[in-house]
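Take this note's numbering: the last position of the sequence shown gets the number 454, and nothing is skipped along the way.
No residue lacks a Cβ here, since even glycine has one placed at the ideal position from N, Cα and C.
Read the structure below first, then the notes.
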Amino acid sequence: MKFSCPNCKSKIEIQKTFNKKMHVSCSSCGIEDLLEFSKNYDEVFLEFLSRFDDGLVTKNGISENLKEEGIVRDENEIKKMIGENHPDSITETILFSKKDYISQYKILKHPEPKMGCKVSEMGLDDGITKYLKKSNINQFYKFQEEAINEIIFGENVIIEAPTASGKTEAFVIPVIQKIQNTAESGNVFAVFVYPTKALARDQYPKIQNLAEKIGVTVNVFDGDTNQTERRDILENPPHILVTNFDVIHYHLWHQTKFSSLLNTVKILVVDEAHVYSGIFGSNVHYIIKRLKRICSSKIQFIAASATLEDAKEFCEKLFDAKMKIIHGSGKKGQTDFVMLFPSLRTQRSLMVDLTKKLTEKNHKTMVFSNSHLNSELLAIQAKKQKVNIKVHRAGLMANYRKSVEKEFKGDLLQAISCTPTLELGIDVGNVDGVISSTIPVNRLIQRIGRAAR
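Dropping the structure here:
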């Protein structure tokens, strides 16, 4: 139901606050009031009109009440929180909007990545070196150099580095180098495991482009692999197989023809290793144990993640093997981090408003919701605010999801309303802003990592 402002005839907003009050406001002329809670919005509006007629409703007339009630922060508190930092105009608008409680503001500074040796000095195959130089990669980061050397030497390695810092290259390059040096054709040498089919198929071209330069073969085997492709994999096993633990579990359990391909595996790479925690992680631990039993030789383990707490202990339990950890940094610059509590409106209203503010300033934005329904509803409301946004979530056709990723990457789309499907490193190009609903801290870090790529 729409209510008109008695002062300027614009739309009046009525929102329930977190402490069971009713906040009535006009965004056009700025008049507002704080009333007692009522389920009947007509009654709330009538009381608001009565108080307006009595001269009790003015522009910013309840700002002190809002501060006393703990609904918004005092400006001086916000300025103290900012300190010596200099937030940009969008962040400043958000911080001083007086529509939400500012729980936290800080600058997340990312140290300059340490540089390693030049690509030409690593002693890699000429095909790899030429491909990297053609891709404008002339020097490795220090953590990449360390990871490449340790993996080639045969160590079990954990690569812990930020999103978009070059983790993939840090394990793909040494694996294909080892295949070039030692692998026999007709055997699967390495298995690359990803937590989702979407991520596996997103990373596949990157792996294949590098591998094919020196004659290393790569294939994806998952639930979307058709019968013709499956027969080809069985008849001509690739050097590298890209898959997931569900597929490995199914074929090991049922002892299919595919399971016999795994007998020759020498290296198991697990990307986004932080996903394998809790009961799911326990199941994966036993899948890895079964894989170790059927393999004819000892397996070398490689794990990669951006958000692993106690990474060494975690991975040693997951793989039941001693691991060496390599820490890396690779993101330059800084990120403005603001934590907001929607004290005067709903969480969805807050997220839509933030999306509009960011996209109006040409910031490409990812908006994370925690359910399919919320992602759809948020997109509907944002479109009403003239935001160029589309939904990306599990359950949608793969071709549609791919088209959304392509449009966003090509700057044809300003924002994506997504679920955790896009947490895990699928390449969508440059991202300027990330908006997230409430989430555990490790997953929040993963989402924040999508920004400033």
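The alpha helix (DSSP H) spanning residue i covers which residue range?
{"i": "TYR251", "result": "246-255"}
{"i": "TYR106", "result": "It is not in any alpha helix (DSSP H) - TYR106 instead sits in the beta strand (DSSP E) that spans 102-110."}
{"i": "HIS459", "result": "A query on residue 459 cannot be resolved here, the shown segment of the chain reaching from 2 to 454 and no further."}
{"i": "ASP203", "result": "198-212"}
{"i": "ILE215", "result": "First-last for ILE215: undefined, no H or E at that position."}
{"i": "LEU262", "result": "258-262"}
{"i": "LYS313", "result": "312-320"}
{"i": "THR308", "result": "Counting along the chain, THR308 falls outside any alpha helix (DSSP H), and DSSP gives it neither H nor E."}
{"i": "LYS525", "result": "Since the first and last residues shown for the chain are 2 and 454, residue 525 lies out of range."}
{"i": "ILE72", "result": "No alpha helix (DSSP H) holds ILE72; DSSP gives it neither H nor E."}
Rounded to whole angstroms, what is the Cα-Cα separation between residue i and residue j?
{"i": "LEU24", "j": "ILE103", "result": "The sequence given here has His at residue 24, not Leu. If I take the Cα positions, the gap works out to 18 Å."}
{"i": "VAL271", "j": "LEU413", "result": "33 Å"}
{"i": "ARG294", "j": "THR265", "result": "12 Å"}
{"i": "LYS358", "j": "ILE417", "result": "14 Å"}
{"i": "LEU393", "j": "GLY279", "result": "According to the sequence provided, residue 393 is His. The question's Leu does not apply to it. Distance between the alpha carbons of HIS393 and GLY279 is about 26 Å."}
{"i": "GLU70", "j": "GLU37", "result": "13 Å"}
{"i": "GLU314", "j": "LYS387", "result": "48 Å"}
{"i": "VAL73", "j": "ALA191", "result": "55 Å"}
{"i": "ILE268", "j": "SER372", "result": "36 Å"}
{"i": "SER260", "j": "THR360", "result": "49 Å"}
{"i": "CYS419", "j": "GLY62", "result": "38 Å"}
{"i": "ARG346", "j": "ILE95", "result": "14 Å"}
{"i": "LYS12", "j": "SER5", "result": "5 Å"}
{"i": "ALA148", "j": "ASP127", "result": "19 Å"}
{"i": "ALA201", "j": "ASP43", "result": "53 Å"}
{"i": "VAL435", "j": "ASN363", "result": "13 Å"}
{"i": "THR218", "j": "PRO239", "result": "5 Å"}
{"i": "ARG232", "j": "HIS275", "result": "33 Å"}
{"i": "THR229", "j": "VAL285", "result": "29 Å"}
{"i": "ARG451", "j": "GLU85", "result": "26 Å"}
{"i": "LEU242", "j": "GLU156", "result": "20 Å"}
When the distance is taken between beta carbons, is residue j closer than 9 Å to residue i?
{"i": "ILE449", "j": "LEU50", "result": "no"}
{"i": "LYS391", "j": "ASP433", "result": "no"}
{"i": "CYS159", "j": "ALA312", "result": "A small fix is needed here, since residue 159 is Ile in this sequence, not Cys. A contact, by the Cβ cut-off of 9 Å."}
{"i": "PHE369", "j": "ILE440", "result": "yes"}
{"i": "VAL221", "j": "THR257", "result": "no"}
{"i": "ILE138", "j": "LYS214", "result": "no"}
{"i": "SER64", "j": "LYS99", "result": "yes"}
{"i": "PRO7", "j": "ASP55", "result": "no"}
{"i": "LEU425", "j": "PRO196", "result": "yes"}
{"i": "VAL189", "j": "ASP223", "result": "no"}
{"i": "LEU262", "j": "LEU235", "result": "yes"}
{"i": "MET352", "j": "LEU374", "result": "no"}
Reducing DSSP to helix, strand and coil, say where residue i ends up.
{"i": "SER121", "result": "helix"}
{"i": "CYS296", "result": "coil"}
{"i": "ALA165", "result": "coil"}
{"i": "LEU242", "result": "strand"}
{"i": "ILE152", "result": "helix"}
{"i": "THR130", "result": "helix"}
{"i": "LEU96", "result": "helix"}
{"i": "ILE419", "result": "Correcting the residue identity first, residue 419 is Cys in this sequence and not Ile. Correct three-state label for CYS419: strand."}
{"i": "ALA452", "result": "coil"}
{"i": "THR226", "result": "coil"}
{"i": "ILE325", "result": "This sequence places Lys at residue 325; Ile is not what is there. Residue state, collapsed to three classes: strand."}
{"i": "TYR142", "result": "strand"}
{"i": "LEU345", "result": "coil"}
{"i": "GLY282", "result": "helix"}
Tell me the residue span of the beta strand (DSSP E) that contains residue i.
{"i": "LEU269", "result": "268-272"}
{"i": "LEU57", "result": "Element bounds for LEU57: n/a, residue is neither H nor E."}
{"i": "GLU33", "result": "32-37"}
Looking at chain D, is there any beta carbon in it that lies within less than 9 Å of the beta carbon of residue i?
{"i": "ILE390", "result": "In the structure shown, chain D cannot be found, because there is only a single protein chain."}
Would you call the segment 315-330 and the segment 137-145 in contact, with 3 or more CB pairs under 8 Å? yes
Self-check item: the segment 253-261 in contact with the segment 173-182 per 3-pair CB rule at 8 Å
Solution: Because the criterion of three Cβ pairs below 8 Å is not met, the segment 253-261 and the segment 173-182 do not touch.
Check your understanding: Three or more C-beta pairs closer than 8 Å, one from the segment 159-170 and one from the segment 299-309: is that the case here?
Key -> yes
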